[in-house]
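Numbering (the UniProt record's numbering), first residue to last: 1 to 349.
Positions of the beta carbon are idealized from the N, C-alpha and C atoms, including for glycine.
Being a predicted model, the structure only gives us computed values, none of them experimental.
Everything below concerns the one structure shown next.
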């Protein structure tokens, strides 16, 4: 009982999804005597569900966040987990199976309404007792409730996208990770070069603004304006990849953090979204377009400078025809923008 209370106190003391994941798998691994426990992300890409581990704990070792050699991959198709696939399809609370070595795997999807984008996986060398199932069920309920509270505090109430406060936290983490990666690439003379693709893969920040949005509100009213923002948010989520992060800054402005990709891929992903908006038929309003400014994220630049440069590229797009995606560094190298170290917030039109 003391161990259970300790884990409950630990879980409910966090205000961060990462630490909450670490706490929950540490709790279920210890209390179930499991050989391994994982937090899995269930990501839907083009109507297909993929499974990707984001945290893991093995008996006798500390819990950790999972590293992936290919950050662009959404994971394994859920068909690779037939018992879990059936559980999700039937909206059930759990699924279990025994493999050829006699190990028992229990999956517990975290349902929020009719959607589950997180699942706990617990591997045990022996069958689970009813008492163990009962305790784990209580932990899962607390975990689900806290996930819901964190989501509520981190998300925009209209679109469901992550909010500005969450952006500040996520960008700080991305800069920290980028700095650590740069340090790992700084090798002493004579050592072999590692992970050559890292020189090309970068993190990117894109600022998105809806063109002529004031005209939409003035002509059609704020209800239709809100519907446009909701549909733009849906297009953002479907156009970008599972590992990218999409935020609403307020009004008609959105920000995207693109993780681990090349400049060419960043351009393709951003332009795919721009064209998806251009080709979408918005009810009553008709056609809507967006302008985008984006910039490479550097671990050695302050967040305000990174965001200011993306704003400069966005302002260029909006003042040179709109419905464009502009890369800050290309504008500077082409003599179309002057590089400045900071940029005041601009009101876009």
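- prompt: From residue 66 to residue 138, what does the alpha carbon distance come to, in whole angstroms?
  reply: Rounded to whole angstroms, the gap between the alpha carbons of residue 66 and residue 138 is 25 Å.
message: Would residue 285 and residue 313 qualify as a contact pair, given that the criterion is a beta-carbon distance under 8 Å?
response: no
field: Minimum C-alpha distance to residue 148 - residue among 177, 110, 121 and 175
entry: Taking only the C-alpha atoms, the option nearest residue 148 is 110.
- prompt: residue 93 by DSSP, collapsed to three states: which one?
  reply: coil
task: Could you check how far apart the C-beta atoms of residue 233 and residue 122 are, in whole angstroms? I think they sit under 8 Å.
output: That belief does not hold up - the Cβ atoms of residue 233 and residue 122 are roughly 34 Å apart, past 8 Å.
field: CA-to-CA distance, residue 259 to residue 226, given in whole angstroms
entry: 29 Å
task: Count the other CB atoms, across all protein chains shown, that sit within 10 Å of the CB of residue 74; report buried if there are 16 or more and exposed otherwise.
output: Burial call: buried.
message: Quick check on this structure: which residue in 229, 276, 172 and 315 has the alpha carbon closest to the alpha carbon of residue 302?
response: 172
- request: Per DSSP, which residues does residue 206 bridge with? Please list them.
  value: 256 and 294
query: If we count the other Cβ atoms within 10 Å of its Cβ and call it buried at 16 or more, is residue 279 buried or exposed?
result: exposed
task: Could you name the residues that DSSP lists as bridge partners for residue 282?
output: 286
task: Give me the Cα-Cα distance between residue 96 and residue 282, rounded to the nearest whole angstrom.
output: 44 Å
message: Using the Cβ count rule (16 or more neighbours within 10 Å means buried), how would you classify residue 92?
response: Around the beta-carbon of residue 92, fewer than 16 other beta-carbon atoms lie within 10 Å, marking it exposed.
query: So what does DSSP say about residue 76, is it helix, strand or coil?
result: strand
- prompt: Which value, in whole angstroms, describes the spacing of the CA atoms of residue 342 and residue 322?
  reply: Residue placement at residue 342 is flagged as unreliable, the pLDDT there being 49, under the threshold of 50; a coordinate-derived value is accordingly withheld.
message: Which complete beta strand (DSSP E) runs does the stretch 95-133 hold, if anything under 3 residues is left out?
response: 95-98, 104-112 and 115-124
field: Cα-Cα separation, residue 273 to residue 265
entry: Near 12 Å, if we compare the C-alpha coordinates of residue 265 and residue 273.
message: Please state whether the Cβ-Cβ distance between residue 292 and residue 270 is less than 8 Å.
response: yes
query: In three-state terms, what does DSSP make of residue 237?
result: helix
- prompt: Relative to the ligand MG, is the shortest distance from any of its heavy atoms to the C-beta of residue 242 smaller than 7 Å?
  reply: Looking at this structure, you won't find the ligand MG or any other ligand, since it has none at all.
field: Enclosing alpha helix (DSSP H) for residue 161 [first to last residue]
entry: Per DSSP, residue 161 belongs to no alpha helix (DSSP H) and is neither H nor E.
Coarse secondary structure for residue 29, derived from DSSP in three states: helix
field: Length of the line joining the Cα atoms of residue 144 and residue 112
entry: 8 Å
message: Quick check on this structure: which residue in 333, 28 and 85 has the alpha carbon closest to the alpha carbon of residue 43?
response: Restricting attention to 333, 28 and 85, the CA atom closest to the CA of residue 43 is found in 85.
field: Helix, strand or coil at residue 261 according to DSSP, with G and I counted as helix
entry: strand
Buried or exposed (CB count within 10 angstroms, at least 16 for buried), residue 61: exposed
- request: Give the secondary structure of residue 249 by DSSP, where H, G and I count as helix, E and B as strand, and everything else as coil.
  value: strand
field: Under the three-state DSSP convention, the category residue 212 falls into
entry: coil
6 Å CB neighbourhood of residue 52 in its chain, flanking five on each side removed: 41 and 75
- prompt: Taking the alpha carbon of residue 57 as the point to measure from, which residue in 163, 164 and 34 has its own alpha carbon closest?
  reply: 34
field: Closest Cα partner of residue 217 within the set 261, 277, 242 and 288
entry: 288
query: DSSP on residue 65, reduced to helix/strand/coil?
result: strand
task: With residue 336 as the anchor, note down where its alpha helix (DSSP H) starts and where it stops.
output: Bounds of any alpha helix (DSSP H) do not take in residue 336, whose DSSP letter is neither H nor E.
First through last residue of the beta strand (DSSP E) which encompasses residue 242: Following the DSSP letters along the chain, one finds residue 242 in no beta strand (DSSP E), marked with neither H nor E.
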